[in-house]
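Each remark here refers to the structure printed beneath this line.
Numbering (the numbering used here), first residue to last: 908 to 1093.
This is the structure we're talking about:
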């Protein structure tokens, strides 16, 4: 999928953009299958769940599919346009799977700064930090969707957007937007 001027404008106004059907179905299915190989579904690990109910697989990935996946030129060109420069620094990515946790507390709303970047929030686009979340499978409200507060609303959680999305959706966002996971009670 090509990212359009409308996607760019939405990103500038909201600080993020959600794009459904980002990859063709065959690619989406490959990604979903690859994730399930490294991050098994709950039904497979429920009898022996991971600590903190979270599994992650980090770059460089054992499955070459993901090493290739992160070098998507449509995304790279979009980020160059958002940051108003061709000189971008590319950083690794993670694959995450969050599992039900009946005792979990609501994660804190945060911006990605100290733990992910040395760049403080700034209005100068050239020094922004952009991240993507790709959802190869649907995310429903009872599955701990990510929540994000659009740029015009600062930290006003009442204006949050829950990322309940269909399979094949990508979210591209400025990491200095307030966001968090939500509780996955299962």
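Each residue gets a CB set at the ideal place from its N, CA and C atoms; glycine is no exception.
Please name the residue in the options whose C-alpha comes closest to that of residue i.
{"i": "residue 1053", "options": "925, 932, 1028", "result": "925"}
{"i": "residue 930", "options": "921, 980, 1010", "result": "980"}
Provide the residue span of the alpha helix (DSSP H) that contains residue i, from first to last.
{"i": "residue 989", "result": "980–990"}
{"i": "residue 917", "result": "912–921"}
{"i": "residue 944", "result": "932–945"}
{"i": "residue 997", "result": "Run containing residue 997: none; DSSP gives neither H nor E here."}
Which stretch, first to last residue, makes up the beta strand (DSSP E) that contains residue i?
{"i": "residue 1003", "result": "1001–1005"}
{"i": "residue 1078", "result": "1076–1081"}
{"i": "residue 961", "result": "961–965"}
How should residue i be labelled, buried or exposed, when 16 other C-beta atoms within 10 angstroms of its C-beta is the threshold for buried?
{"i": "residue 1040", "result": "buried"}
{"i": "residue 946", "result": "buried"}
Is residue i close to the ligand ZN? I mean its beta-carbon at under 7 Å from any heavy atom of the ligand.
{"i": "residue 962", "result": "Of ligands this structure carries none, so the ligand ZN is not represented either."}
Using 8 Å for Cβ pairs, my map puts residue i next to residue j. What's the rounded Cβ distance?
{"i": "residue 1004", "j": "residue 962", "result": "5 Å"}
{"i": "residue 1083", "j": "residue 1028", "result": "4 Å"}
{"i": "residue 939", "j": "residue 1044", "result": "6 Å"}
{"i": "residue 990", "j": "residue 1035", "result": "5 Å"}
Is residue j closer than 8 Å to residue i when the C-beta atoms are compared?
{"i": "residue 923", "j": "residue 1078", "result": "yes"}
{"i": "residue 1056", "j": "residue 1050", "result": "no"}
{"i": "residue 910", "j": "residue 997", "result": "no"}
{"i": "residue 944", "j": "residue 970", "result": "yes"}
{"i": "residue 1059", "j": "residue 927", "result": "no"}
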